[in-house]
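Colleague: Chains as they are written, first to last, in the working numbering: chain G, 157 to 308; chain A, 157 to 308. Just so it is clear, CB atoms sit at the ideal spot from N, CA and C, and this is done for glycine as well. Keep in mind that this is a model prediction, so the values were computed, not measured.
There are 2 protein chains.
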Amino acid sequence: MKLSKKSDYALRAIIYLSMHYNKGAIQIREISANEKIPQKFLENILLVLRKAGILNSKIGLKGGYELARSPDLITLGEVIRALDGAIAPVDCVSKISYKPCSEEVTCVIRGVMLDIRNAITDVLDRMTFADMCSRVRDSMEKKESNVLTYAI
Amino acid sequence: MKLSKKSDYALRAIIYLSMHYNKGAIQIREISANEKIPQKFLENILLVLRKAGILNSKIGLKGGYELARSPDLITLGEVIRALDGAIAPVDCVSKISYKPCSEEVTCVIRGVMLDIRNAITDVLDRMTFADMCSRVRDSMEKKESNVLTYAI
DNA sequence: TAATTATCTACTAAATTTGTAGAGTTTATA
DNA sequence: TATAAACTCTACAAATTTAGTAGATAATTA
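1) In the DSSP assignment, find the beta strand (DSSP E) that holds G/L223 and state where it starts and stops.
2) For A/N178, report the span of its alpha helix (DSSP H) as first-last.
3) Assign G/S213 to one of three DSSP states: helix, strand, or coil.
4) Any beta-carbon of chain G closer than 9 Å to the one on A/R291?
5) Any beta carbon of chain G sitting closer than 9 Å to that of A/D228?
6) List the residues of chain A whose Cβ lies closer than 7 Å to the Cβ of G/K158, in chain order.
7) Using a Cβ cut-off of 8 Å, which residues of the segment 259-284 of chain A contact any Cβ in chain G, in chain order?
8) Name the residues in the segment 161-183 of chain A whose C-beta lies less than 8 Å from a C-beta of chain G; which are they?
9) Under 9 Å, do G/E222 and G/I182 count as touching if we go by C-beta distance?
10) Which residues mark the beginning and the end of the alpha helix (DSSP H) in which G/R206 is found?
11) On the criterion of 16 or more Cβ atoms from any shown chain inside 10 Å, does G/D294 qualify as buried, or is it exposed?
12) Which chain G residues sit within Cβ distance under 8 Å of A/L232?
13) Please report the straight-line C-alpha distance between G/E260 and G/A224, rounded to a whole angstrom.
14) Comparing C-alpha positions only, which one of A/S226, A/L198, A/L159, A/G216 sits nearest to A/M175?
15) With 9 Å as the threshold, decide whether the Cβ of A/A238 is near any Cβ in chain G.
16) With distances taken from CA atoms, which of A/V292, A/N212, A/V249 is nearest A/N274?
17) Measure how close the beta-carbons of A/L280 and A/I243 come, nearest whole angstrom, since I'm counting them as under 8 Å.
18) Would G/V246 pass as a contact of G/L167 if the rule is Cβ separation under 9 Å?
19) Could you tell me whether the Cβ atoms of G/G220 and G/I184 are closer together than 9 Å?
20) What do you get for G/L198, buried or exposed, if any count of 16 or more other CB atoms within 10 angstroms of its CB means buried?
21) Quick one: does G/A208 have its CB under 9 Å from some CB of chain A?
22) Can you give the Cα-Cα distance for A/K158 and A/N178, rounded to whole angstroms?
23) Would G/L239 and G/L205 be called neighbours here (beta carbons separated by less than 9 Å)?
24) Provide the residue(s) that pair with G/T277 in DSSP beta bridges, ordered along the chain.
25) Give me the residue from G/D278, G/N200, G/L173 with the minimum Cα distance to G/N190.
26) What residue from G/D228, G/K214, G/I215 has the CA that sits closest to G/I170's CA?
27) Check the C-beta distance from A/I252 over to A/G241 and give it rounded, since I have them as a contact under 8 Å.
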C-alpha cells in the first residue's frame, strides 16, 4: 500500500508549481534543486504529467513547465493515477484498469477491497493542489519559517 | 497501493479456515487445492501467520493448521500487517514502522497520507473473519451455488 | 517402523521501482 | 543566424521487491 517515489516526487513538484502559479514557466532544474529530486528522474515524471494534460511546457530558452489548469482543478488522485496507474488495491475494483476476477460474484475479498478503494479515492479525488497550498501556508505561518520544502 | 499475492492468499486461506472453524486441523494441501494457491508458497505464508499468533499448528499424521482464536477476534488488518508490514502509504504515518521524514512539521503530503492510512485501517481493522464468513454465506445463498471458493 | 505433516533455510526467477545516459529538437535572444 | 538553454525521447541499468521453488529436518500418529 505504498506511495511510490515517482508519485511522491510528482506531488511535491506540482505543489511547487502551484505555489508559483501564474508566474511563468519554471525550469526542471529549479524544481529539482529546491525539492531535492534527481533531475533526470524528474524530467521523466514531468513529461508524463504533460502528456496527461496536467502540465504545459515551453521548450527553449526561458522555457519550463507550468500548470495546465489552476491548482483548484487538479486533484492528488489525478496525479497519482497518471504516474502509477490504478489506485485500487486489486484490479477487479479498479475503474481505470478493471479486470474481472474468477469468482467475482461470490468473492468477498472484492467487497472489502472496494470499500478500501472508495475510502482512498474519497480523500485523493477531493483534495486539490489549491488545498495543498493553503496547508503549506498554514504550516509555514505556524512554524515562522520561510524555508520552502514540501518534502515528505 | 496494491494488495500483494501473499496477503491475498493469506486472506483466502484464513477465510477457508474460518469456514471450517472448530472442525479440527486442516492440512496445507487441502487449502492449497481448494483455493488454488501454490502449496510451497502457502507453507511459507501459514508459517508466518503461526509465528504471528494467528494460527496454531499440529505436526505429524492428522496434523495441520487451525485458527488460534475465533474468527471474530481476527481482523483483516492483523493478517495483512503480519505478511506485508505497514499498511500506511508512507512510513512517517505508520504505527508499526514509523520513521520520521525530513520536514515533518510542515510536510503537507504527510497530512493527506495520514488521512488515507486512517481511511484504510478503518476498514481493515474493523473487518473480522466472522464478518467475511457471513458475507460468504450470504453470497452463496444468493448464487445458489455450493462451490466454495473465496477467490479474488 | 512407516507414513504423514509441519518446519526451516536457502535459493532462484520474474517483475517492478528507481534511477541514468545521451542524442535530438525547439526557441529566445544577442 | 549562431548559440546556449531548455524540454523530448528512447533506451538502458542497477537495486529492490515479489513470487515461487527445493530439499533436508523434525515431530507425530497409528
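Modeller: Once the coordinates are examined:
1) Counting along the chain, the beta strand (DSSP E) containing G/L223 begins and ends at 220-223.
2) First-last for A/N178: undefined, no H or E at that position.
3) Here G/S213 sits in strand by DSSP.
4) Between A/R291 and chain G, the shortest Cβ-Cβ separation is below 9 Å.
5) No - not a single Cβ of chain G is within 9 Å of the one on A/D228.
6) What G/K158 touches in chain A: P245.
7) Taking 8 Å as the upper bound on Cβ-Cβ separation, chain G lies near residues E259, V261, T262, C263, V264, I265, R266, G267, V268, M269, D271, I272, A275, I276, D278, V279, L280, M283 of the segment 259-284 of chain A.
8) Sequence-ordered contacts of the segment 161-183 of chain A with chain G read D164, L167, R168, I171 [C-beta pairs closer than 8 Å].
9) Yes, these two residues count as a Cβ contact at 9 Å.
10) G/R206 -> alpha helix (DSSP H) spans 195-207.
11) Answer is exposed; the Cβ neighbour count stays below 16.
12) In chain order: V268.
13) Any answer about G/E260 is weak, because its pLDDT of 44 lies below 50 and its placement is not dependable; what the coordinates show is given next. Per the coordinates, the alpha-carbon of G/E260 lies some 39 Å from the alpha-carbon of G/A224.
14) Of A/S226, A/L198, A/L159, A/G216, the smallest CA-CA separation from A/M175 is found for A/S226.
15) The C-beta of A/A238 comes no closer than 9 Å to any C-beta of chain G.
16) Taking only the C-alpha atoms, the option nearest A/N274 is A/V249.
17) Their Cβ separation, rounded to whole angstroms, is 7 Å, which keeps A/L280 and A/I243 in contact under 8 Å.
18) Between G/V246 and G/L167, the CB-CB gap reaches or exceeds 9 Å.
19) The answer is yes: Cβ separation under 9 Å.
20) By the 10 Å Cβ count, G/L198 comes out buried.
21) Cβ-Cβ to chain A under 9 Å: no for G/A208.
22) In this structure, the alpha-carbon of A/K158 lies about 33 Å from that of A/N178.
23) Yes. Within cutoff.
24) Answer by DSSP bridge pairing: none, since G/T277 is not bridged.
25) The residue with the shortest Cα to Cα distance from G/N190 is G/L173.
26) Closest by alpha carbon: G/D228.
27) Correct: roughly 7 Å between the Cβ atoms.
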